[in-house]
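Below is one structure, written out as structure tokens; the observations come after it.
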Amino acid sequence: MYMLKGGIPMVDATYCALGSKVNFNKALRHFFKVTEAVDEVEEKNNLADMINIALEEGEMVSTQILPLVSAVLKDKFQYQYGSFELQKNTDDFTKISSETLKWTALDIVLLYFDPNSHVSIINPKDNSAWSKIREIMSEHLVVVYAKYLKEESDGKIEKEAIKAIEEMLGGKDIFINKKFVDENVRPVVAAKPKVAEASEVSSGSKRSTPKYSVQVTNELFHNGNVEAWKKIIESYKTKYPGLEVKVFYEGEAINDLNTLFKWGKVKHHGLIFIQVVGDDIKGVSKLQKYLFEGASQRFEQFLHGPVGSVLNLF
């Protein structure tokens, strides 16, 4: 016998929620985020970083975290995962962030379910990410997803890494498997700003963000990196025409981005600073994320498209 919903016979309740325009559009936006997340993981970026930026920018809500993680890390990329509850509270994450940062052969994402049933998603290699949760309470669920990046794995390396994280959070000393480290990859975590708190600047009523650093992870900030930055900043200013992006290096305002690569001026691990000026400042976290990518070996992803076209990044 057919069930009726809104006067329409329904055979499979799975799609009932999509029968309204509001729910359909909500689902569509989520599917777009899943596609974006797949691209991020394929580029060897950490999914927790991408999700936290999207949450800060209001592009996602917390209820999307678990479905997205399940679809992307579990089903699509087949990350190994394990869960545990700590026997005592812990609020010192310095050791785990400094240690896992060295594990360049592994991608790791951690979920924590706090006493209020709120889900936090964390890149454990990033010390600043831990500050958002402040403390892991005993007897509350922690789930760790891990993927060995060097080659196909039978899951043993990932399971060992997950167990090591549990023991470090529990305050134990651990033995590190040398396979956790890829000697050909430098340990780098993208600096991610908090949501910008605007401050007064001298030019009238306009406001500005603090100066945020972007670390160069390419061997040299060369012409390709410069062109990527130009594309990213152009995309940002097209989306937010009232905002200005200022660039600084070694305390000097950079008016021509080409000067950042002349004579090999900015090398590996160099810091370039950016600042956004204007009213109603938005999209700063995503801007810094893209500029970090543009300053890495992955700059070419921003150089595609027809000549004269503007990237749709924001």
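In the working numbering, the protein residues as written are 1439 to 1752. We treat Cβ as the ideally placed atom computed from N, Cα and C, and that holds for glycine.
When you compare the CB positions of M1437 and I1559, do they come within less than 8 Å of one another, or not?
Any property of residue 1437 remains undetermined from this structure, which presents the chain solely from 1439 to 1752.
If you reduce the DSSP assignment to three classes, tell me which class R1645 lands in.
Working through the sequence shown from its first residue, we reach residue 1645 at position 207. Strand, per DSSP.
Are the Cβ atoms of M1488 and N1527 separated by less than 8 Å?
In the sequence shown, residue 1488 corresponds to position 50, counting from 1. In the sequence shown, residue 1527 corresponds to position 89, counting from 1. Taking 8 Å as the Cβ cut-off, M1488 and N1527 do not qualify as a contacting pair.
Let's test the definition: count the other Cβ atoms within 10 Å of the Cβ of D1564 and tell me whether it reaches 16, buried, or not, exposed.
On the sequence shown, residue 1564 is found 126 positions in, with the first residue counted as 1. Buried.
Bridge partners for K1684 per DSSP, in chain order?
Taking the first residue of the sequence shown as position 1, residue 1684 is located at position 246. Answer by DSSP bridge pairing, in chain order: Q1713.
So for A1492, helix, strand or coil by DSSP?
By one-based count along the sequence shown, residue 1492 stands at place 54. In this structure, A1492 counts as helix in the three-state DSSP scheme.
I need the straight-line Cα distance from V1479 to L1485, nearest angstrom please.
The count along the sequence shown starts at 1 and reaches residue 1479 at position 41. The count along the sequence shown starts at 1 and reaches residue 1485 at position 47. The alpha-carbon atoms of V1479 and L1485 are separated by roughly 6 Å.
Would F1752 and N1663 qualify as a contact pair, given that the criterion is a beta-carbon distance under 8 Å?
What you label residue 1752 is simply residue 314 of the sequence shown in a count that begins at 1. What you label residue 1663 is simply residue 225 of the sequence shown in a count that begins at 1. Result no, Cβ atoms of F1752 and N1663 do not sit closer than 8 Å.
Which one or two residues does DSSP pair with L1658 in a beta bridge?
Along the sequence shown, one-based indexing puts residue 1658 at 220. Answer is K1705, bridged to L1658.
Going by the DSSP bridge assignment, what does F1522 pair with across the sheet?
Locating residue 1522 in the sequence shown gives position 84, counting from the first residue. According to DSSP, which records beta bridges pairwise, F1522 is partnered with V1580.
Measure the beta-carbon distance from L1698 to I1712 and round it to whole angstroms, keeping in mind my assumption that it falls under 8 Å.
Sequence index remark: in the sequence shown, residue 1698 carries index 260 (1-based). Sequence index remark: in the sequence shown, residue 1712 carries index 274 (1-based). Wrong, their Cβ atoms sit about 12 Å apart, outside the cutoff.
Environment of P1679 [buried if 16+ CB atoms lie within 10 Å]
Within the sequence shown, numbered from 1, the residue matching residue 1679 stands at position 241. So P1679 ends up on the exposed side.
Neighbour-count burial assignment, F1740, 16 or more Cβ in a 10 Å radius:
By one-based count along the sequence shown, residue 1740 stands at place 302. The residue in question, F1740, is buried, as its Cβ has 16 or more Cβ neighbours within 10 Å.
Distance, A1475 Cα to G1746 Cα
Stepping through the sequence shown from its first residue, residue 1746 is reached at position 308. Stepping through the sequence shown from its first residue, residue 1475 is reached at position 37. Each residue's Cα considered, the two are about 27 Å apart.
Starting from D1529, follow the beta strand (DSSP E) in both directions and report where the run begins and ends.
In the sequence shown, counting from the first residue as 1, residue 1529 sits at position 91. No beta strand (DSSP E) contains D1529, which DSSP labels as neither H nor E.
Could you tell me if G1689 is buried or exposed, where buried requires 16 or more neighbouring beta carbons within 10 angstroms of its beta carbon?
Taking the first residue of the sequence shown as position 1, residue 1689 is located at position 251. Burial call: exposed.
Length of the line joining the Cα atoms of A1543 and V1722:
Against the sequence shown, residue 1543 aligns to sequence position 105. Against the sequence shown, residue 1722 aligns to sequence position 284. Answer to the nearest angstrom: the Cα atoms are 30 Å apart.
Does Y1728 come out as helix, strand or coil in the three-state DSSP assignment?
Position 290 of the sequence shown, counted from the first residue, corresponds to residue 1728. In the structure shown, Y1728 sits in a helix (DSSP, three-state: H, G or I).
Could you check if A1733 is buried or exposed, using at least 16 other CB atoms within 10 Å of its CB as the buried criterion?
Locating residue 1733 in the sequence shown gives position 295, counting from the first residue. The residue in question, A1733, is buried, as its Cβ has 16 or more Cβ neighbours within 10 Å.
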